[in-house]
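K.L.:
In the numbering used here, the protein residues as written are 1 to 638.
Here it is, the structure, as structure tokens.
Pasting the structure below:
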């Protein structure tokens with residue numbers, strides 16, 4: 001264990017760039033679209049490399065080392081043998097998938113000493129961007145005069161699908177991913193091609209008290225001392241091409257691998273990130289932000305908070321439950337904490353005030369522009385009316401969809417609906433394996449406790465006429481007692497119990513059995529509310545989508561010399577800036593790095609489980625034997 005903890009300290013320093021406080025120039029820039037202004041700013045801040053060393057179509061560059069890890073995280077290749085660093089929270093699902101009570105890598109960590117000890121992770125992929133092509137003209141040339149904005153989007157989607165299929169046929173590879181993505185609020189389009197590697201193996205994971213130190217308390221916060229990293233390796237066939245798992249595969253030799261710096265950083269140093277950020281909304285108007293805060297974030301915070309409280313209590317009471325729900329909890333709480341922080345920051349920074357000033361300037365420009373700005377007349381007013389019309393619907397929709405995701409038995413039941421008895425003879429083994437996989441991280445007794453909490457929130461928060469049918473049976477048969485309803489559902493349903501489901505799918509009348517199951521009926525009741533509500537929301541999407549596209553185009557026309565980075569959309573971006581302290585409040589300044597002292601100080605808060613640290617790790621910290629990893633003052637940066 002001590003050896004593992006020492007490795008955690010060393011690798012934590014090596015992954016220092018993940019925890020440094022950098023103040024970035026605003027924007028997440030496409031590397032193939034960097035302007036002279038961008039490059040001049042970067043050089044002024046201290047960038048010294050040739051620009052084509054970051055991104056190039058003609059030679060290996062830093063961009064070739066950056067990967068999409070799994071379903072959307074970022075990683076970086078750091079060796080010529082396919083070693084990839086990513087965040088601990090990004091590798092969390094993978095670590096959980098190979099953990100069990102008798103080898104709890106989530107809690108204790110994992111380290112391989114040689115290639116043969118690395119653990120294959122089923123279903124995990126790592127993708128390298130191999131090409132990017134502007135297809136805007138090609139798409140717009142095929143676009144017929146649309147009836148409205150939704151028709152325009154539908155036509156474009158059809159054209160994009162055809163482009164993706166054609167490119168797939170040309171490349172003829174099962175290990176390519178091809179997608180056309182919109183940029184600049186649907187004003188520009190790129191066709192992206194990725195090499196997708198499917199043989200990925202776990203190399204190193206720090207103990208949970210390192211990788212998740214600070215937990216939900218420190219998530220999205222600073223200062224923090226979490227060792228938020230994990231290490232994987234990409235394997236390829238002997239031809240160095242992507243290949244399905246085989247013991248004969250060899251470590252991948254990448255086009256380029258990044259060098260890990262151990263020199264550290266100083267205040268004012270140039271800093272940058274290259275990665276695949278999920279989404280941003282830089283250009284939405286003030287009324288869209290109001291909608292996000294009140295009608296999406298607030299319901300999400302309430303529903304997930306209630307669900308997570310019950311999950312957490314069960315996870316603390318039982319080790320097996322903790323392992324099963326660790327990944328679910330982490331995914332849920334990440335966006336929950338993000339929503340909390342977003343709402344606080346939007347108020348604190350008066351983002352609504354800044355947006356309203358932008359809108360006022362835009363309207364003045366439109367009013368003075370004559371024919372040149374005719375397309376934008378009344379645009380913001382139309383968007384405001386659409387967002388106002390959506391508000392109550394969006395609030396109900398968010399409560400319903402968030403609650404539905406917390407009712408696991410209902411979701412499981414609906415997922416079984418496509419299983420047919422006639423398919424069992426040919427695909428029975430595959431179907432059963434899928435069921436085993438779905439149920440391996442599910443605890444019926446916990447779900448039974450969560451269900452009434454979700455229903456109670458829906459009764460309190462969603463408009464009564466919308467959920468009247470949902471609660472009619474509960475009110476009639478159980479006098480409104482949601483706990484009694486949940487108890488009866490779990491007593492009568494086969495869905496929460498894997499063995500019962502595996503037996504039921506062998507029956508010819510399985511479809512009828514499922515149709516009469518109370519968990520399936522609950523799923524249908526919820527979906528009969530949610531799906532029509534989604535269609536109601538779509539009535540406003542035409543004005544919103546058209547408005548966003550034209551508002552962005554209008555602002556570009558209004559400020560033709562001002563670079564405007566496209567919103568993030570899970571494609572490769574560059575952000576740059578410099579290392580600086582952070583001042584979140586009056587008379588408060590946070591340094592750009594943290595030290596082990598912060599770990600010891602937080603660990604003294606015995607009441608907070610997020611700050612629990614293994615005693616052997618504490619002993620190492622207290623010795624302060626940092627070796628060559630110490631800075632000039634003798635301190636270790638974490």
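Note that CB positions come from ideal geometry on N, CA and C, so glycine has one too.
The beta strand (DSSP E) with residue 195 in it runs from where to where?
P.N.:
Taken as a continuous stretch (DSSP letters only), the beta strand (DSSP E) holding residue 195 covers 188-197.
K.L.:
Could you give the residue range of the beta strand (DSSP E) that holds residue 495?
P.N.:
Note, residue 495: premise wrong, no beta strand (DSSP E); not H, not E.
K.L.:
Taking only runs of the alpha helix (DSSP H) that begin and end inside the segment 83-107, which ones reach a length of at least 4 residues, in chain order?
P.N.:
Runs found: 88-97.
K.L.:
Give the straight-line distance between the Cα atoms of residue 24 and residue 342, rounded to the nearest whole angstrom.
P.N.:
Because the pLDDT at residue 24 is just 45, under 50, the model does not fix this residue reliably, and the point stays unresolved.
K.L.:
In whole angstroms, what is the alpha-carbon distance linking residue 437 and residue 499?
P.N.:
Distance between the alpha carbons of residue 437 and residue 499: 13 Å.
K.L.:
Is the segment 253-273 close to the segment 324-342, with three or more CB pairs under 8 Å?
P.N.:
They do not touch, by the three-pair rule.
K.L.:
Check whether the Cβ atoms of residue 53 and residue 268 sit closer than 7 Å, and answer yes or no.
P.N.:
No, the Cβ-Cβ distance between residue 53 and residue 268 is not below 7 Å.
K.L.:
With burial defined as no fewer than 16 other Cβ atoms inside 10 Å of the residue's Cβ, what is the status of residue 625: buried or exposed?
P.N.:
Per the 10 Å Cβ criterion, exposed.
K.L.:
Does DSSP put residue 206 in a helix, in a strand, or in coil?
P.N.:
If DSSP states are grouped into helix, strand and coil, residue 206 belongs with coil.
K.L.:
Can you give me the Cβ contacts of residue 447 inside the same chain, cut-off strictly under 6 Å, excluding the 5 residues immediately before and after it?
P.N.:
Closer than 6 Å at Cβ, skipping near neighbours: 408 and 409.
K.L.:
Take residue 461 and list the residues in its own chain whose beta-carbon comes closer than 6 Å to its own, dropping the five residues that flank it on each side.
P.N.:
Excluding residues within five positions, the ones whose Cβ falls inside 6 Å are 399.
K.L.:
Classify residue 214 as buried or exposed, calling it buried when 16 or more other Cβ atoms lie within 10 Å of its own Cβ.
P.N.:
That one is buried.
K.L.:
In terms of alpha-carbon separation, which member of 196, 538 and 107 lies closest to residue 207?
P.N.:
With distances taken between Cα atoms, residue 207 lies closest to 107.
K.L.:
With C-beta atoms as the reference, is residue 98 less than 7 Å away from residue 119?
P.N.:
Yes, the Cβ-Cβ distance between residue 98 and residue 119 is below 7 Å.
K.L.:
Under the DSSP definition of a beta bridge, which residues are partnered with residue 178?
P.N.:
Paired residues: 193.
K.L.:
Could you pull the start and end residues of the beta strand (DSSP E) that residue 272 belongs to?
P.N.:
Unbroken beta strand (DSSP E) run through residue 272: 270-275.
K.L.:
Would you call the CB atoms of residue 402 and residue 300 closer than 7 Å?
P.N.:
The answer is yes: Cβ separation under 7 Å.
K.L.:
How would you call residue 512, buried or exposed, if buried means at least 16 neighbouring beta carbons within 10 angstroms?
P.N.:
It is exposed - the Cβ of residue 512 has fewer than 16 other Cβ atoms within 10 Å.
K.L.:
Can you say whether residue 115 is buried or exposed, counting buried as having 16 or more other CB atoms within 10 angstroms of its CB?
P.N.:
Under this definition residue 115 is an exposed residue.
K.L.:
Are the segment 440-457 and the segment 303-317 in contact at 8 Å, needing three or more beta carbon pairs?
P.N.:
The segment 440-457 vs the segment 303-317: in contact.
K.L.:
So, with DSSP's three-state summary, where would you put residue 115?
P.N.:
Helix at residue 115.
K.L.:
For the beta strand (DSSP E) that residue 584 lies in, which residues bound it at each end?
P.N.:
Taken as a continuous stretch (DSSP letters only), the beta strand (DSSP E) holding residue 584 covers 582-585.
K.L.:
Figure out for me which residue from 397, 167, 329 and 630 has the closest Cα to the Cα of residue 216.
P.N.:
Among 397, 167, 329 and 630, the Cα nearest to that of residue 216 is on 329.
K.L.:
Assess contact between the segment 488-507 and the segment 423-436, defined as three or more Cβ pairs (one per stretch) separated by less than 8 Å. Is contact present?
P.N.:
Enough Cβ pairs lie closer than 8 Å, so yes.
K.L.:
Quick check on the DSSP output: the alpha helix (DSSP H) that includes residue 397 runs from which residue to which?
P.N.:
Where residue 397 is concerned, the enclosing alpha helix (DSSP H) stretches over 379-406.
K.L.:
What is the residue span of the alpha helix (DSSP H) that residue 506 lies within?
P.N.:
Where residue 506 is concerned, there is no enclosing alpha helix (DSSP H), given that its DSSP letter is neither H nor E.
K.L.:
Between the Cα of residue 87 and those of 367, 81 and 72, spot the shortest distance and give me the residue it belongs to.
P.N.:
With distances taken between Cα atoms, residue 87 lies closest to 72.
K.L.:
Between the C-alpha atoms of residue 621 and residue 137, what's the straight-line distance to the nearest angstrom?
P.N.:
Their Cα atoms are separated by approximately 59 Å.
K.L.:
Relative to the C-alpha of residue 248, which candidate in 237, 179 and 241 has its C-alpha closest?
P.N.:
Closest by alpha carbon: 237.
K.L.:
Taking 7 Å as the limit between beta carbons, can you name the residues of its chain near residue 356, skipping five residues before and five after?
P.N.:
Correct list, in chain order: 286.
K.L.:
So, helix, strand or coil for residue 475, using DSSP?
P.N.:
Residue 475 falls in the helix class under three-state DSSP.
K.L.:
Starting from residue 333 and walking both ways along the beta strand (DSSP E), at which residues does that stretch end?
P.N.:
No beta strand (DSSP E) contains residue 333, which is instead part of the alpha helix (DSSP H) from 319-348.
K.L.:
Provide the residue span of the alpha helix (DSSP H) that contains residue 551, from first to last.
P.N.:
That run of the alpha helix (DSSP H) goes 518-558.
K.L.:
With DSSP as the reference, label residue 120 as helix, strand or coil.
P.N.:
DSSP places residue 120 in strand when its eight states are reduced to three.
K.L.:
Would residue 112 and residue 203 qualify as a contact pair, given that the criterion is a beta-carbon distance under 7 Å?
P.N.:
Result yes, Cβ atoms of residue 112 and residue 203 sit closer than 7 Å.
K.L.:
Which one of 79, 518, 464 and 193 has the shortest CA to CA distance from residue 396?
P.N.:
When each option's Cα is compared against that of residue 396, the closest is 464.
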